[in-house]
Amino acid sequence: MTQAATGTGDTAGTTASAAPERRLRLIVILGALTAIAPLSIDMYLPALPDLTADLSTGATRAQLTLTACVIGLAAGQVVAGPLSDRWGRRRPLLVGLLAYSAASLACMLAPSVETFIGFRLVQGAAGAAGIVIARAVVRDLYDGVAAARFFSMLMLVNGLAPILAPVVGGQLLRITPWPGVFAVLSAIGVALFLAALLGMRETLPPENRETGGIGATLAAFRALLTDRHFTGYAAAGGLAFAAMFTYISGSPFVLQDGYGMSPQAFSAVFGVNALGIVLAGQVNCRLVGRVPLGRLLAAGLAVVAAGAVVLLIAVVAGAGLAVILPALFLVVAAQGLVLPNSTALALTGRPPRIAGSASALLGLGQFAIGGAAAPLAGGTAVPMAVTIAVCALAAVPAAWVASKN
């Protein structure tokens with residue numbers, strides 16, 4: 079892809095996109111970095127019932143271990159994003175990955191659910207560096223349609239994480255208790271550190287960095303939060319993500335305890351839904367440039383809302399898994415249309431020097447709303463379905479407001 083095609087004018091974009099093999103390596107590394115969230119959350123989902131029993135706690139407190147990780151993922155982005163605007167992308171990223179690996183080991187040794195929740199908060203905050211900086215790197219190199227296409231390609235890599243993570247987690251439970259899952263997460267953190275250290279160049283040169291300190295960061299946050307287009311697209315993506323995260327947090331209890339699925343069957347269902355995200359992301363990649371980004375986003379949100387409404391009706395009417403599972407598939411798979419386009423639309427036109435701050439606010443919206451929604455799912459089908467429907471339906475007017483001139 080040429081510099082003109084990227085829609086940016088910086089040297090880093092030209093250099094990074096000139097060699098196809100370098101671009102492919104960047105896709106793999108950035109996709110793996112954005113996969114930190116689904117890896118941290120999804121891999122131990124099949125173990126939630128075992129963890130609940132082992133730590134002598136209840137379903138609500140066990141779900142708080144998810145919420146703590148998500149809050150960490152949100153808060154950590156607000157710190158790592160602006161730091162990457164000031165110090166470049168590589169240094170904050172490498173520090174965050176080392177801290178993530180250490181926090182994952184600490185989760186293994188937690189003697190109580192309260193301690194475990196605290197370590198999960200730290201784990202999420204450290205892992206947030208990979209997520210927010212990956213988005214900022216894309217904005218360093220691409221803008222507009224090119225950015226949406228690149229985000230869609232990242233979902234091919236990123237989408238493998240929610241497919242493989244619960245499957246790997248379910249199989250790990252055959253040979254190890256739940257702490258073994260966190261040993262694997264620690265090893266993944268080390269592998270990502272080495273990949274970033276050896277395979278990723280700095281994409282924000284010193285002359286393009288923000289040098290104004292905390293005052294400049296706050297000014298950038300204020301400008302973004304008062305921009306109706308940015309906040310609208312961020313809210314739409316965040317609410318759609320919250321609908322999916324409600325499914326992530328509630329489905330282990332609903333499908334395994336409520337409908338009698340085994341951990342392995344649950345992992346298979348989870349993997350099929352995640353595969354839907356990958357496929358939708360690749361459809362989006364082919365349509366970007368032919369169909370306006372706003373129209374693709376609207377289509378994705380419509381599918382998410384339709385799936386959520388069908389899910390709620392099915393749960394209330396007692397229709398069973400034959401209707402519930404396809405409805406959940408729609409809610410999850412359509413994220414492949416929603417997330418790349420809402421992200422690209424929100425970041426379009428933002429200068430690289432504040433790309434980390436803009437990426438941080440996007441991540442904060444996604445994970446803060448998702449973290450708040452997770453406990454509302456409870457351990458039964460009706461609260462989960464109601465929360466998914468409310469989030470999905472609220473995302474539609476948010477995108478509509480953002481699209482208005």
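To convert a position in the sequence shown, counted from 1, into this note's numbering, add 78.
Think of the CB as a built atom: it goes at the ideal place given N, C-alpha and C, for glycine as much as any other residue.
| For residue 175, the nearest candidate out of 468, 217, 269 and 262 (CA to CA) | One-based indexing of the sequence shown puts residue 175 at position 97. Comparing Cα-Cα distances from residue 175 to each of 468, 217, 269 and 262, the minimum goes to 269.
| task | Go ahead and label residue 216 buried or exposed: buried means 16 or more other beta carbons lie within 10 angstroms of its beta carbon, across all protein chains shown. | result | Counted from its first residue, the sequence shown places residue 216 at position 138. It counts as buried.
| query | Quick one: any contact between the stretch 307 to 315 and the stretch 418 to 437, if contact means 3 or more CB pairs under 8 Å? | reply | yes
| query | Is any heavy atom of the ligand MG found at a distance shorter than 8 Å from the C-beta of residue 144? | reply | Among the components modelled here there is no ligand, and therefore nothing to report on the ligand MG.
| said: Can you tell me where the alpha helix (DSSP H) holding residue 311 begins and where it ends? | reply: Locating residue 311 in the sequence shown gives position 233, counting from the first residue. Run containing residue 311: 306 to 329, per the alpha helix (DSSP H) assignment.
| Euclidean distance between Cα positions of residue 444 and residue 232 | Position 366 of the sequence shown holds residue 444. Position 154 of the sequence shown holds residue 232. Going by the C-alpha atoms only, they are around 17 Å apart.
| query | Hey, how far is the Cα of residue 369 from the Cα of residue 378? | reply | Working through the sequence shown from its first residue, we reach residue 369 at position 291. Working through the sequence shown from its first residue, we reach residue 378 at position 300. If you take the alpha carbons of residue 369 and residue 378, they lie about 13 Å apart.
| task | Can you grab the Cα-Cα spacing for the pair residue 118 / residue 147, in whole Å? | result | Indexing the sequence shown from 1 puts residue 118 at position 40. Indexing the sequence shown from 1 puts residue 147 at position 69. So the two alpha carbons sit approximately 8 Å from each other.
| request: Give me whichever residues DSSP pairs with residue 369 in a beta bridge. | output: On the sequence shown, position 291 is the one that residue 369 refers to. The partner list for residue 369 (beta bridge, DSSP) reads 366.
| query | Which ranges would you report for the beta strand (DSSP E) in the stretch 104 to 141 if only whole runs of at least 3 residues count? | reply | none
| Through-space distance from residue 374 to residue 90, alpha-carbon basis | Residue 90 sits at position 12 when you count from the first residue of the sequence shown. Residue 374 sits at position 296 when you count from the first residue of the sequence shown. With a pLDDT of only 40 at residue 90, under the threshold of 50, the placement of this residue in the model should not be trusted; the figure read from the coordinates follows. Rounded to the nearest angstrom, the two C-alpha atoms are 29 Å apart.
| task | Compute the Euclidean distance between the alpha carbons of residue 347 and residue 189, then round it to the nearest angstrom. | result | Within the sequence shown, the letter at position 269 stands for residue 347. Within the sequence shown, the letter at position 111 stands for residue 189. Whole-angstrom Cα-Cα distance: 32 Å.
| query | When burial is assigned at 16 or more other CB atoms within 10 Å of the CB, is residue 151 buried or exposed? | reply | Here residue 151 is taken as the residue at index 73 of the sequence shown, counted from 1. Buried, by the Cβ-count rule.
| Exposed or buried, which one is residue 434 when buried takes at least 16 other CB atoms within 10 Å? | As a first step, residue 434 must be located in the sequence shown, where it is residue number 356. Residue 434 should be labelled buried.
| request: Can you say whether residue 351 is buried or exposed, counting buried as having 16 or more other CB atoms within 10 angstroms of its CB? | output: As a working mapping, residue 351 is identified with position 273 in the sequence shown. Buried is the call here.
| request: Out of 338, 276, 153 and 401, point me to the one whose CA is closest to residue 447's CA. | output: In the sequence shown, counting from the first residue as 1, residue 447 sits at position 369. With distances taken between Cα atoms, residue 447 lies closest to 153.
| request: Answer with buried or exposed for residue 114, where buried requires no fewer than 16 other C-beta atoms within 10 angstroms of its C-beta. | output: Locating residue 114 in the sequence shown gives position 36, counting from the first residue. That one is buried.
| Pair within 9 Å by beta-carbon distance, residue 230 and residue 418 | For the purposes of this step, residue 230 is taken as residue 152 along the sequence shown, with counting starting at 1. For the purposes of this step, residue 418 is taken as residue 340 along the sequence shown, with counting starting at 1. Yes. Within cutoff.
| request: Taking residue 227 and residue 367 to be in contact with their CB atoms under 8 Å, please state how far apart those CB atoms are, rounded to whole angstroms. | output: Here residue 227 refers to the residue found at position 149 when the sequence shown is read from its first residue. Here residue 367 refers to the residue found at position 289 when the sequence shown is read from its first residue. Right, the Cβ-Cβ distance comes to about 7 Å (below 8 Å), so this counts as a contact.
| message | Going by beta-carbon coordinates alone, are residue 155 and residue 181 separated by less than 9 Å? | response | For the purposes of this step, residue 155 is taken as residue 77 along the sequence shown, with counting starting at 1. For the purposes of this step, residue 181 is taken as residue 103 along the sequence shown, with counting starting at 1. Going by C-beta atoms, residue 155 is not nearer than 9 Å to residue 181.
| message | In the DSSP assignment, the alpha helix (DSSP H) including residue 468 goes from what residue to what residue? | response | By one-based count along the sequence shown, residue 468 stands at place 390. Taken as a continuous stretch (DSSP letters only), the alpha helix (DSSP H) holding residue 468 covers 459 to 481.
| C-beta atoms of residue 167 and residue 218 nearer than 9 Å | On the sequence shown, position 89 is the one that residue 167 refers to. On the sequence shown, position 140 is the one that residue 218 refers to. Going by C-beta atoms, residue 167 is nearer than 9 Å to residue 218.
| field | Element boundaries [alpha helix (DSSP H), containing residue 190] | value | Taking the sequence shown and counting its residues from 1, one reaches residue 190 at position 112. Where residue 190 is concerned, there is no enclosing alpha helix (DSSP H), given that its DSSP letter is neither H nor E.
| Smallest Cα separation from residue 470: which of 316, 393, 183 and 371? | To locate residue 470, count along the sequence shown from 1; it is residue 392. Residue 316 is the option with its Cα nearest to residue 470.
| query | Exposed or buried, residue 394, counting other C-beta atoms within 10 Å across all chains shown (16 or more means buried)? | reply | Here residue 394 is taken as the residue at index 316 of the sequence shown, counted from 1. Its Cβ having fewer than 16 others within 10 Å, residue 394 is exposed.
| C-beta atoms of residue 274 and residue 107 nearer than 9 Å | Here residue 274 refers to the residue found at position 196 of the sequence shown. Here residue 107 refers to the residue found at position 29 of the sequence shown. Yes, these two residues count as a Cβ contact at 9 Å.
| task | Express the C-alpha separation of residue 157 and residue 287 in angstroms, rounding to a whole number. | result | As a working mapping, residue 287 is identified with position 209 in the sequence shown. As a working mapping, residue 157 is identified with position 79 in the sequence shown. Approximately 16 Å, taken between the alpha carbons.
| request: Ignore the nearest five residues each way along the sequence and tell me which others in residue 307's own chain have a CB closer than 6 Å to its CB. | output: Residue 307 sits at position 229 when you count from the first residue of the sequence shown. Hits under 6 Å: 480.
| task | Round the Cβ separation of residue 121 and residue 247 to the nearest angstrom and send it over; I've been treating them as touching at under 8 Å. | result | Position 43 of the sequence shown, counting from 1, holds the residue named residue 121. Position 169 of the sequence shown, counting from 1, holds the residue named residue 247. The pair is a contact, with the Cβ atoms about 4 Å apart (cut-off 8 Å).
| query | Using the C-alpha atoms, what's the distance from residue 330 back to residue 123? | reply | On the sequence shown, position 45 is the one that residue 123 refers to. On the sequence shown, position 252 is the one that residue 330 refers to. Each residue's alpha carbon lies about 6 Å from the other.
| said: Is it the case that the stretch 400 to 414 contacts the stretch 125 to 140, given that we only count it when at least three CB pairs across the two stretches are under 8 Å? | reply: no
| field | alpha helix (DSSP H) segment containing residue 220, residue limits | value | For this step, residue 220 is matched to residue 142 along the sequence shown. Segment: none, residue 220 is in no alpha helix (DSSP H) and carries neither H nor E.
| query | Within 10 angstroms of its Cβ, does residue 453 collect 16 or more other Cβ (buried), or is it exposed? | reply | To locate residue 453, count along the sequence shown from 1; it is residue 375. By the neighbour-count rule (16 or more Cβ atoms within 10 Å), residue 453 is buried.
| message | Can you tell me where the alpha helix (DSSP H) holding residue 431 begins and where it ends? | response | Here residue 431 refers to the residue found at position 353 when the sequence shown is read from its first residue. No alpha helix (DSSP H) contains residue 431, which DSSP labels as neither H nor E.
| field | Assigned secondary structure, residue 102 (DSSP; H/G/I helix, E/B strand, else coil) | value | Within the sequence shown, the letter at position 24 stands for residue 102. Residue state, collapsed to three classes: helix.
| task | Would you mind working out which of 161, 135 and 205 sits nearest residue 178, comparing C-alpha positions? | result | Looking up residue 178 in the sequence shown gives position 100. Here the closest residue by C-alpha is 205.
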